[in-house]
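Here is the structure we will look at, set down as structure tokens.
Numbering (the numbering used here), first residue to last: 554 to 1012.
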């Protein structure tokens, strides 16, 4: 009994371990970090200084203390703008305001405290070189929410802007790798199509062309409207192995989050041929060319002579009716404004709809009634259909519009129609040399599970 309990517990532990390890760990790519060294005016390190990191959007603070080397570090910092305050007895309060933390980057802020009372404050709005990344050699750029909203983007998807990065081709080939070799992550989760590498064929824009919503650029599985993305970074060279999983680029996106104040947006884009520049007189009306030479002179190429007059008329060619409608809204803010479980609860929600007319035609080959009965029809050199009965008994089938009784001929269907219906010598080999005929099992399965074809034609 004890042995059974042991193996049961072992199986449960192994199952839990496999479940937790089944997905890639990309989570470290959705945030940034803040680090630095605190010194005095002479360059000596200051240990025990209190460092507070305050999120400007939510007013949520995080605190830490410098170590013996004067160094402080904040890990897994959400993307956003922060105020950094450093206090130490005997020194003035140092406040670095509006410090930007970007996705998968490290903000380095070294501070030299000035001697003074805690009632005095030194405010710094920015520090040169704080955005310079010295922790790794990754090459890439970050596009934030402001740029996402202001840059022109027909498809309104963030991946349309990948081509702004150096080393990216118009269709999404990056650093010499094909576009299906890119890795997409959203909030640290894998957003890559592991089968095709991209979903360029699944996305349409106002023109209705596959892939043109993102300007032909490869994209992730889950759509990423610009109203839902806080910022994204494209690393093209020198990616570190902590989150990169492809030979192409690493595209990391962070969705927007709720802040201390309610905010939102609503939008709608409509393109149609019934109004605007597409609905022009030239596109929808007949155009006349007046002042034609006397009767008997031919009209210019592309025009015809109007009935009952001497005007040359261009053909009436109205444009095909079409429309595309893209609409959506977003809203975010504090769900519970007071502290629960140590902090506030925030919400951000985005919805986007895309409506367009379209049809799809899918063709599949299904066996006809004759083929289900074991009769195969082939064309001869004249184009006529010749039925061949594979059954040991006569079968009546419809050839064209007539019912034909097909006997069980001793001759068998040859592999090459050019050799006729008799297989002998070196001419060819019979398709059914043992005269086994139609499998009753296959015939039953076809009749039970497959519909009859709706495009009439021989089997």
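Glycine is no exception: its CB is placed at the ideal position from the N, C-alpha and C atoms.
Quick caveat: nothing in here was measured; it's all calculated off a predicted structure.
Local Cβ density within 10 Å of residue i, reported as buried at 16 or more and exposed below that
i, result
"residue 823", "exposed"
"residue 821", "exposed"
"residue 785", "buried"
"residue 647", "buried"
"residue 778", "buried"
"residue 741", "buried"
"residue 660", "buried"
"residue 947", "exposed"
"residue 940", "buried"
"residue 628", "exposed"
"residue 744", "buried"
"residue 702", "exposed"
"residue 780", "buried"
"residue 756", "Residue placement at residue 756 is flagged as unreliable, the pLDDT there being 45, under the threshold of 50; a coordinate-derived value is accordingly withheld."
"residue 994", "exposed"
"residue 768", "Confidence is the limiting factor: at residue 768 the pLDDT is only 48, short of 50, which leaves the residue's position unreliable, though a coordinate-based value still follows. Its Cβ being crowded by 16 or more others within 10 Å, residue 768 is buried."
"residue 651", "exposed"
"residue 783", "buried"
"residue 621", "exposed"
First through last residue of the alpha helix (DSSP H) which encompasses residue i
i, result
"residue 617", "Not the alpha helix (DSSP H): residue 617 falls in the beta strand (DSSP E), residues 614 to 618."
Helix, strand or coil at residue i according to DSSP, with G and I counted as helix
i, result
"residue 964", "Interpretation of residue 964 is limited by its pLDDT of 44, a score under 50 that renders its predicted location unreliable; no figure is taken from the coordinates."
"residue 973", "For residue 973, the pLDDT reaches just 45, beneath the cut-off of 50, and the residue's location in the model is therefore unreliable, although a value from the coordinates is still provided. Coil, per DSSP."
"residue 949", "strand"
"residue 925", "helix"
"residue 706", "coil"
"residue 1000", "helix"
"residue 717", "helix"
"residue 583", "helix"
"residue 649", "strand"
"residue 733", "helix"
"residue 694", "strand"
"residue 780", "helix"
"residue 656", "coil"
"residue 900", "strand"
"residue 665", "strand"
"residue 598", "strand"
"residue 875", "coil"
"residue 592", "strand"
"residue 712", "helix"
"residue 700", "helix"
Boundaries of the beta strand (DSSP E) in which residue i is found, first to last residue
i, result
"residue 624", "624 to 630"
"residue 637", "633 to 640"
"residue 821", "816 to 825"
"residue 989", "Unbroken run through residue 989: none, as it is neither H nor E."
"residue 603", "603 to 608"
"residue 812", "Careful: residue 812 lies outside any beta strand (DSSP E) and carries neither H nor E."
"residue 940", "938 to 942"
"residue 659", "659 to 661"
Nearest-angstrom Cβ-Cβ length linking residue i and residue j, presumed shorter than 8 Å
i, j, result
"residue 584", "residue 631", "6 Å"
"residue 801", "residue 696", "Contact doesn't hold; Cβ gap of about 18 Å is too wide."
"residue 883", "residue 903", "4 Å"
"residue 736", "residue 803", "5 Å"
"residue 618", "residue 602", "7 Å"
Proximity test, Cβ basis, 8 Å: residue i and chain B
i, result
"residue 709", "Reference to chain B is not applicable here, since this structure consists of a single protein chain."
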